[in-house]
Amino acid sequence: MALSRLSSRSNIISRPLSAAFRRSISTDTTPITIETSLPFTAHLCDPPSRSVESSTQELLSFFRTMALMRRMEIAADSLYKAKLIRGFCHLYDGQEAVAIGMEAAITKKDAIITAYRDHCIFLGRGGSLYEVFAELMGRQDGCSRGKGGSMHFYKKDSSFYGGHGIVGAQVPLGCGIAFAQKYSKEEAVTFAMYGDGAANQGQLFEALNISALWDLPSILVCENNHYGMGTAEWRAAKSPSYYKRGDYVPGLKVDGMDAFAVKQACKFAKEHALKNGPIILEMDTYRYHGHSMSDPGSTYRTRDEISGVRQERDPIERIKKLVLSHDLATEKELKDMEKEIRKEVDDAIAKAKDCPMPEPSELFTNVYVKGFGTESFGADRKEVKAALP
Amino acid sequence: MASLLGRFCRKLVVPGSAHGSRMTSTTACGSETVKSLNLYSAINQALHIALETDPRSYVFGEDVGFGGVFRCTTGLAERFGKNRVFNTPLCEQGIVGFGIGLAAMGNRAVVEIQFADYIYPAFDQIVNEAAKFRYRSGNQFNCGGLTIRAPYGAVGHGGHYHSQSPEAFFCHVPGIKVVIPRSPREAKGLLLSSIRDPNPVVFFEPKWLYRQAVEEVPEHDYMIPLSQAEVIREGSDITLVGWGAQLTVMEQACLDAEKEGISCELIDLKTLLPWDKETVEASVKKTGRLLISHEAPITGGFGAEISATILERCFLKLEAPVSRVCGLDTPFPLVFEPFYMPTKNKASSSSSLSSPSKNTHFLIHGFSRLL
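Here the protein sequences line up with chains R and F, keeping their order. According to full-length UniProt numbering, the first sequence is numbered sequentially starting from 1. According to full-length UniProt numbering, the second sequence is numbered sequentially starting from 1.
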């Protein structure tokens with residue numbers, strides 16, 4: 001059993017004594033306390049503490065799931081270039097910490113609704129790789145039966161409300177879900193996610209006002225990756241301090257590349273929302289890919305900037321350093337884990353490729369509720385092509 | 001604005017009363033230079049000319065500064081400056097409202113909505129503010145200088161939110177005009193007319209044709225009149241009416257029908273609101289049959305308006321019910337796009353193209369013959 005190597009650049013506590021008793025990839029839940037990279041910046045509230053309660057199991061599962069998400073997005077990139085995925089594909093790599101940190105702080109009864117960069121959130125909510133790839137390729141075993149595609153992933157049993165194409169439209173929806181949660185006294189909250197581009201949509205402010213007026217347990221999460229498609233935030237917003245834009249609604253600015261900061265913030269936000277109504281979380285994050293697969297991502301930002309973020313702030317690297325410094329696994333074990341993940345992803349893709357496309361009759365299903373009996377006519381309206389089932 | 005028209009309009013191309021001519025109609029005057037351009041380049045040229053000829057015109061929208069996602073606005077910011085060509089934040093309602101205000105002060109505001117699918121947040125501004133401004137102020141104010149441009153229509157892989165054809169919603173609003181070009185040459189002339197028209201205009205550009213359609217486009221400043229339909233193919237057995245990218249599909253259907261001995265007359269409506277009823281009426285009175293085709297879903301589509309009007313005007317001359325070959329009554333699908341689209345085979349197999357007098361008829365072949 002090789003002695004573990006301590007990461008020389010870590011500023012986290014190391015435990016030399018237990019080196020000899022180092023556990024192999026452990027599943028025990030020994031508590032660990034992690035310090036977030038940066039303090040939180042608060043607006044109209046007291047920021048939570050920088051010390052986050054975690055455990056060895058959580059740390060390792062963070063690494064594993066984030067590596068899975070990263071691998072999945074890279075694989076989707078190749079599939080798109082191979083024209084197996086058509087239409088639009090918006091990749092989340094770089095932003096995994098937001099999805100993971102949020103999941104760690106909440107339950108499946110709390111609802112999440114987001115825009116079109118939804119593959120990893122879906123995975124975080126318990127979706128399977130197979131469902132992801134099948135949906136991306138438009139096959140019938142996809143999570144939306146192949147009818148939604150990349151932008152429209154949903155998972156009802158985990159309260160994941162998708163998956164929306166029109167920018168900003170999901171936020172009022174999210175506040176409506178929060179209203180329902182409050183009404184049914186579920187002690188659950190809704191996280192309505194949107195980007196820095198969507199932050200300038202009028203409907204957001206309408207939703208915020210309503211949420212604040214009626215004390216709804218809605219948490220608006222701005223995933224600020226600093227570029228709305230190709231427009232830098234300072235070109236689109238007079239005030240890029242999105243956490244302050246709620247004005248009378250409290251806000252918190254969080255380092256979105258630090259999964260533990262995200263976890264702490266979401267936990268804090270949930271407690272706040274259940275007692276006091278809406279709160280805004282601004283996640284300072286970054287996407288490595290362009291806006292979508294048709295955007296190279298380098299015309300509005302320099303390659304140096306992208307690689308700089310990758311070196312300094314990559315969320316998976318951060319977790320990796322933590323894992324190594326806490327002696328929970330060796331470099332080799334982590335590499336093996338990554339290999340396993342790669343295989344898992346490849347297997348899911350192979351299986352998804354074999355899945356058939358939806359039946360042509362699916363074109364007409366679910367336009368209205370089943371059995372509504374509306375007709376859909378054929379080419380010249382003379383012949384009923386299908387009674388919409 | 002009328003004087004502006006007179007001053008800057010140097011040549012007026014008379015639309016195709018070109019006899020049986022194809023889409024690339026002949027130029028009116030022999031000495032003008034033409035260049036082979038695709039749709040986005042033609043539109044780009046039109047915008048350059050519009051900004052050049054009127055110092056109080058502005059182009060703005062999301063991402064137009066670097067040229068726009070479809071390159072329609074390339075070079076404008078560099079040439080005319082950031083004060084006249086500028087980006088807006090992501091807020092369609094705000095953009096159009098802002099444009100209405102700018103136009104109300106006597107400027108020409110050329111607004112770009114990135115995809116027609118995103119125009120709905122601005123729907124209230126267009127319907128309630130732009131369309132009714134002149135009316136409710138008793139002609140004290142108007143926003144005639146407003147032109148809203150948006151790419152519309154299927155593109156092969158657009159899915160629900162990058163393929164919609166929302167023209168029917170806007171055709172229901174008295175006070176605005178709706179214009180849809182079919183090709184680069186038409187687009188340049190129609191866009192210049194729309195920008196200079198003293199009424200607010202919604203200008204839909206068929207995004208499929210941005211790169212696909214290439215045509216000889218005159219380089220000078222020319223305008224194609226609004227509310228004048230064009231017979232782009234003459235025939236005697238049946239009239240086909242359409243607009244935008246769908247005309248390419250319909251032309252294919254015409255060629256196929258010709259092989260079966262059916263002579264088709266194809267009309268490009270160009271302006272949907274107000275539309276040229278006289279041209280279509282004259283054609284239907286001649287042929288006795290009408291087929292309308294559009295990508296938008298059939299129920300409540302603009303074809304219904306054309307059908308009802310023609311029925312009123314040509315009832316006794318019609319030999320068969322008016323036929324509409326359109327998109328299906330479903331949301332615009334993702335993988336099912338080929339099934340949804342009104343393809344040429346659907347048009348060919350439409351029972352209107354059956355002609356008992358010539359003893360030939362197409363049968364409904366069903367989905368297997370869609371592509």
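Ideal placement from N, C-alpha and C gives every residue a C-beta, glycine not left out.
Judged by pairs of C-beta atoms under 8 Å, the stretch 231-244 of chain R does not touch the stretch 205-212 of chain R, as fewer than three such pairs exist. Taking 7 Å as the cut-off between beta carbons, the residues of the stretch 157-171 of chain R near chain F are G165, I166 and V167, in sequence order.
Collapsing the DSSP output to three states places P297(F) in a strand. Residue environment analysis places W275(F) among the buried positions, since at least 16 neighbouring C-beta atoms fall within 10 angstroms of its C-beta.
Contact annotation for L363(R) against chain F: L328, T330, P333, F336, F339 and Y340 [CB-CB distance below 8 Å, chain order]. Closest option to Y248(R), judged by alpha-carbon separation, among R318(R), G277(R) and D347(R): G277(R). For C314(F), the three-state secondary structure derived from DSSP is helix. Within the DSSP secondary-structure output, N87(F) pairs in a beta bridge with G61(F). Pairing L44(R) with G297(R) gives a Cβ-Cβ distance that is not under 9 Å. From the listed residues D268(F), H48(F), P218(F) and S263(F), the smallest Cα separation to S227(F) is found for D268(F).
Cβ neighbours of T30(R) within its own chain (closer than 7 Å, five residues either side excluded): S55 and T56. Closer than 9 Å to the CB of E62(F) there is at least one CB belonging to chain R.
Residues of the stretch 80-102 of chain F with a C-beta atom less than 7 Å from some C-beta of chain R are N87, P89, L90, C91, Q93 and G94, listed in chain order. Across the structure, I341(R) and G126(R) are spaced so that their CA atoms are roughly 16 Å apart. Residue contact check for K147(R) against chain F: a CB pair falls below 9 Å.
A direct Cα-Cα distance of roughly 13 Å separates V221(R) from A273(R). Contacts between T231(R) and chain F, judged by CB atoms closer than 7 Å, involve D63 and N87 in chain order. Closest in C-alpha terms to I100(F), from the list V59(F), T248(F) and V241(F), comes V59(F). The Cβ of M293(R) sits no closer than 9 Å to any Cβ of chain F. Counting along the chain, the unbroken beta strand (DSSP E) around C264(F) starts and ends at C264 to D268. With a minimum length of 4 residues, the unbroken runs of alpha helix (DSSP H) contained wholly in the stretch 203-243 of chain R fall at 233-236. Counting only the Cα atoms, Q203(R) lies some 7 Å from P172(R). In this structure, the CA atom of E35(R) is about 16 Å from the CA atom of L324(R). Cβ neighbours of Y135(F) within its own chain (closer than 7 Å, five residues either side excluded): G175.
Identification of chain F residues near G127(R) by a Cβ-Cβ cut-off of 9 Å yields none; the smallest Cβ-Cβ distance measures about 18 Å.
If you draw a 10 Å sphere on the C-beta of W243(F), you find 16 or more other C-beta atoms in it, and that means buried.
Proximity of the stretch 103-117 of chain F to the stretch 172-189 of chain R falls short of the contact definition, fewer than three beta-carbon pairs being nearer than 8 Å. Under a 10 Å Cβ-count criterion, L213(R) is classified as exposed, with fewer than 16 other Cβ atoms of the shown protein chains found around its own Cβ.
Secondary structure of P172(R) (DSSP, three-state): helix. With the criterion set as a beta carbon lying under 9 Å from some beta carbon of chain F, the members of the stretch 85-107 of chain R are R86, G87 and F88, in sequence order. What G138(R) touches in chain F, judged by beta-carbon distance under 7 Å, is L334 and V335, going in chain order.
D284(R): member of the beta strand (DSSP E) spanning I279 to D284, first to last residue. The CB of Y40(F) never comes closer than 8 Å to any CB in chain R; the least such distance is about 15 Å. Listed along chain R, the residues sitting closer than 7 Å to H157(F) by beta-carbon distance are R86 and G87. Annotation for E205(F): P151 place their beta carbon closer than 6 Å to its own, counting only its chain and skipping 5 residues before and after.
Shown here for R50(R): same chain residues with a beta carbon closer than 7 Å to its own, the five before and five after excluded, namely E35, T36 and P39 in chain order.
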